[in-house]
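Visitor: Residues are numbered in our numbering as their position in the sequence shown, beginning at 1, plus a constant of 148. We put the CB at the ideal spot given by N, CA and C, even for glycine. This structure is in structure tokens; I'll ask about it shortly.
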Amino acid sequence: MRHRVDPPEVERAANGLRVRGHGLYLEPRGRPPLGFLAHARGAPPVLPERMVVTGPTSKLLEAALPRALRRTATLPAVYGQTFALGSLRLTLHPAGHVLGSAQVRCEAQGLDLVYAGDIGGAGARASLTAETLEQLTCTTLAIRAVYGHPRYVFPPRALLLERLQDFVERALRDGKTPVIVGAALGEAQEVVRHLGGRRTLRLHPTAFRACEVYTAQGCELKGFVRLDDEGDVVVVPPTVRLARLKLRAYRICVLSGRAVDGIAGADEALPLADHAGYDELLGYIRATGARRVLTIGGHAEDLAQAVRAPGIEALAIREQHQLALPGL
149 MRHRVDPPEV
159 ERAANGLRVR
169 GHGLYLEPRG
179 RPPLGFLAHA
189 RGAPPVLPER
199 MVVTGPTSKL
209 LEAALPRALR
219 RTATLPAVYG
229 QTFALGSLRL
239 TLHPAGHVLG
249 SAQVRCEAQG
259 LDLVYAGDIG
269 GAGARASLTA
279 ETLEQLTCTT
289 LAIRAVYGHP
299 RYVFPPRALL
309 LERLQDFVER
319 ALRDGKTPVI
329 VGAALGEAQE
339 VVRHLGGRRT
349 LRLHPTAFRA
359 CEVYTAQGCE
369 LKGFVRLDDE
379 GDVVVVPPTV
389 RLARLKLRAY
399 RICVLSGRAV
409 DGIAGADEAL
419 PLADHAGYDE
429 LLGYIRATGA
439 RRVLTIGGHA
449 EDLAQAVRAP
459 GIEALAIREQ
469 HQLALPGL
């Protein structure tokens, strides 16, 4: 006899994931009428017609995607303030991922859903440049599983930043230019906060504009200049081809949670990630008290399997594939 599974509260639709029975898309692709954008990192070049975001996320989008932002009506929300949107009541809470990143609680008759999206680390792994992750409770939780495999357990942030500083000093002593490769939004600001008081950092334009927004929002960053200015350390995103920068002798340090797997071509790789690791994802999920957990993308199946327990239903959702239901 097959076990009956109620349809998940988050469903796949034409523009990505949508709250079932409602018009709200969660971090959509394309241009649906209404979407929630959890953060500005990796934002698509086309935005929803109307978009729920935090104020800092809107500012970061204005710096990175001004044309796209002009074509959407932003619905700025403040952490902790509930507001109605059609038949839904929404409340945004800090996600701890990058500046302005948010979780959203969706409430309606028979619905108590938290979409956590990308959450950041906690405690010794918490970001130094993002709002502190808020632990929520809910009936149903939807969460992204970027590092949802047991091998992704990361060291404390302070230890990794010390190792990064040691890499920079060794490279400079050897007459080499330290090149730090990391996300322009999130990791670059962590690097500037830690190294900016000691060295001058030359930033790729995307990272530079993001740092300007961070400082305007009250995050203390100093010691950063544009990439074509003079400085000690170069900071670029992974998409940049270093050959085009025409640097002299240099050494590369890559910052990514994927450093756990090894990164080809890097002189050093550090698992300095602004996403929660596997153990932190499990800890957050269990603390919500959710009876149903929807894991999305990344290592969704691995994370769902680890979460399943008596009284907890865990489903893995693939954004490009069919829903994976256990026991069918």
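Verify whether the separation of the beta carbon atoms of L395 and T348 is less than 7 Å.
Guide: Looking up residue 395 in the sequence shown gives position 247. Looking up residue 348 in the sequence shown gives position 200. No, these two residues do not count as a Cβ contact at 7 Å.
Visitor: Check P474 in the structure and name its three-state DSSP category.
Guide: Position 326 of the sequence shown, counted from the first residue, corresponds to residue 474. With a pLDDT of 38 at P474, under the threshold of 50, the modelled position of that residue is not reliable, and no figure is offered here.
Visitor: How big is the Cα-Cα spacing for V477 and G445?
Guide: Residue numbering for the chain in the displayed model covers 149 to 476; residue 477 lies beyond these limits and cannot be assessed.
Visitor: Which residues bound the alpha helix (DSSP H) around I433?
Guide: Your numbering for residue 433 matches position 285 in the sequence shown. Where I433 is concerned, the enclosing alpha helix (DSSP H) stretches over Y426 to T436.
Visitor: Tell me whether Q251 sits in a helix, a strand or coil according to DSSP, three-state version.
Guide: Here the question's residue 251 lines up with position 103 in the sequence shown. Looking at Q251 - three-state DSSP - the assignment turns out to be strand.
Visitor: Count the CB pairs spanning the segment 401-412 and the segment 252-261 that are closer than 8 Å, and state whether there are at least three.
Guide: no
Visitor: At 3 residues or longer, and completely inside the segment 317-377: list those beta strand (DSSP E) runs for me, N to C.
Guide: You should have 325-329, 349-351 and 372-374.
Visitor: Of the residues P193, P242, H170 and T205, which one's Cα is nearest the Cα of S235?
Guide: Taking the first residue of the sequence shown as position 1, residue 235 is located at position 87. Among P193, P242, H170 and T205, the Cα nearest to that of S235 belongs to H170.
Visitor: Looking only at C-alpha atoms, which of A272, Q251 and L276 sits nearest to A264?
Guide: Taking the first residue of the sequence shown as position 1, residue 264 is located at position 116. Nearest option by C-alpha distance: Q251.
Visitor: For the structure I just gave you, are there three or more beta carbon pairs, one from the segment 290-307 and one from the segment 419-432, closer than 8 Å?
Guide: Per the Cβ contact rule, the segment 290-307 is in contact with the segment 419-432 (3 or more Cβ pairs under 8 Å).
Visitor: Can you find the residues in the same chain that come closer than 7 Å, C-beta to C-beta, to A448, ignoring five residues on each side of it along the sequence?
Guide: On the sequence shown, position 300 is the one that residue 448 refers to. Answer for A448: A293, G296, A464, I465 and R466, listed in chain order.
Visitor: Starting from the Cα of R374, find the closest Cα among T387, V340 and A407 and give me that residue.
Guide: Here residue 374 is taken as the residue at index 226 of the sequence shown, counted from 1. The residue from T387, V340 and A407 with its alpha-carbon nearest to that of R374 is V340.
Visitor: For L261, name the three-state secondary structure that DSSP assigns.
Guide: Start at 1 with the first residue of the sequence shown, and residue 261 comes out as number 113. Here L261 sits in strand by DSSP.
Visitor: In three-state terms, what does DSSP make of R150?
Guide: In the sequence shown, the residue the question calls residue 150 occupies position 2. At R150, the pLDDT of 46 sits below 50, so the modelled position is not reliable and the matter cannot be decided from this model.
Visitor: By DSSP, does L442 sit in helix, in strand, or in coil?
Guide: Within the sequence shown, the letter at position 294 stands for residue 442. Looking at L442 - three-state DSSP - the assignment turns out to be strand.
Visitor: Taking the alpha-carbon positions, what's the L442 to P204 distance?
Guide: Position 294 of the sequence shown, counting from 1, holds the residue named residue 442. Position 56 of the sequence shown, counting from 1, holds the residue named residue 204. Their Cα atoms are separated by approximately 27 Å.
Visitor: My output table needs one value for P242: the three-state DSSP class, helix, strand or coil.
Guide: As a first step, residue 242 must be located in the sequence shown, where it is residue number 94. Three-state DSSP puts P242 in a strand.
Visitor: I need the boundaries of the alpha helix (DSSP H) containing L209, first residue and last residue.
Guide: Taking the first residue of the sequence shown as position 1, residue 209 is located at position 61. Counting along the chain, the alpha helix (DSSP H) containing L209 begins and ends at G203 to A212.
Visitor: G323: buried (16+ other C-beta within 10 angstroms of its C-beta) or exposed?
Guide: Counting from one through the sequence shown, the residue named residue 323 turns up at place 175. Looking at its Cβ environment, which holds fewer than 16 other Cβ atoms inside 10 Å, G323 is exposed.
Visitor: Mapping DSSP to helix, strand and coil, what is L390?
Guide: In the sequence shown, counting from the first residue as 1, residue 390 sits at position 242. In the structure shown, L390 sits in a helix (DSSP, three-state: H, G or I).
Visitor: Anyone know if the C-beta pair for Y166 and E159 falls short of 7 Å?
Guide: Indexing the sequence shown from 1 puts residue 166 at position 18. Indexing the sequence shown from 1 puts residue 159 at position 11. The sequence shown places Arg at residue 166, not Tyr. Against a cut-off of 7 Å, the Cβ pair of E159 and R166 comes out as a contact.
Visitor: Using the three-state DSSP reduction, which class does L217 fall into: helix, strand or coil?
Guide: Position 69 of the sequence shown, counted from the start, is the residue given in the question as residue 217. If DSSP states are grouped into helix, strand and coil, L217 belongs with the helices.
Visitor: What separation, rounded to the nearest whole angstrom, lies between the Cα atoms of V384 and R350?
Guide: Along the sequence shown, read from residue 1 onward, the residue named residue 384 stands at position 236. Along the sequence shown, read from residue 1 onward, the residue named residue 350 stands at position 202. If I take the Cα positions, the gap works out to 9 Å.
Visitor: Between R253, G269, H342 and Q337, which lies nearest to L312 when the distance is taken from Cα to Cα?
Guide: What you label residue 312 is simply residue 164 of the sequence shown in a count that begins at 1. Out of R253, G269, H342 and Q337, H342 has the C-alpha closest to the C-alpha of L312.
Visitor: In whole angstroms, give me the CA-to-CA distance for V200 and H245.
Guide: Position 52 of the sequence shown, counted from the first residue, corresponds to residue 200. Position 97 of the sequence shown, counted from the first residue, corresponds to residue 245. Cα to Cα, the separation comes out at about 17 Å.
Visitor: So for F315, helix, strand or coil by DSSP?
Guide: Locating residue 315 in the sequence shown gives position 167, counting from the first residue. F315: helix per DSSP, three-state reduction.
Visitor: Which residues mark the beginning and the end of the beta strand (DSSP E) in which V100 is found?
Guide: Because the chain is modelled from 149 through 476, residue 100 falls outside the range shown and cannot be assessed.
Visitor: For V388, which residues of its own chain have a beta-carbon under 7 Å away from its beta-carbon, when the five flanking residues on both sides are left out?
Guide: Locating residue 388 in the sequence shown gives position 240, counting from the first residue. H352.
Visitor: For G413, list the residues DSSP reports as bridge partners.
Guide: What you label residue 413 is simply residue 265 of the sequence shown in a count that begins at 1. For G413, which the question treats as bridged, DSSP gives no partner whatsoever.
Visitor: Excluding the 5 residues preceding and the 5 following G459 in the sequence, name in chain order all residues of the same chain whose CB lies nearer than 8 Å to its CB.
Guide: Here residue 459 refers to the residue found at position 311 of the sequence shown. Contacts found: R439.
Visitor: Distance, Cα to Cα, R357 vs A243?
Guide: To locate residue 357, count along the sequence shown from 1; it is residue 209. To locate residue 243, count along the sequence shown from 1; it is residue 95. Distance between R357 and A243, taken at the CA atoms: about 22 Å.
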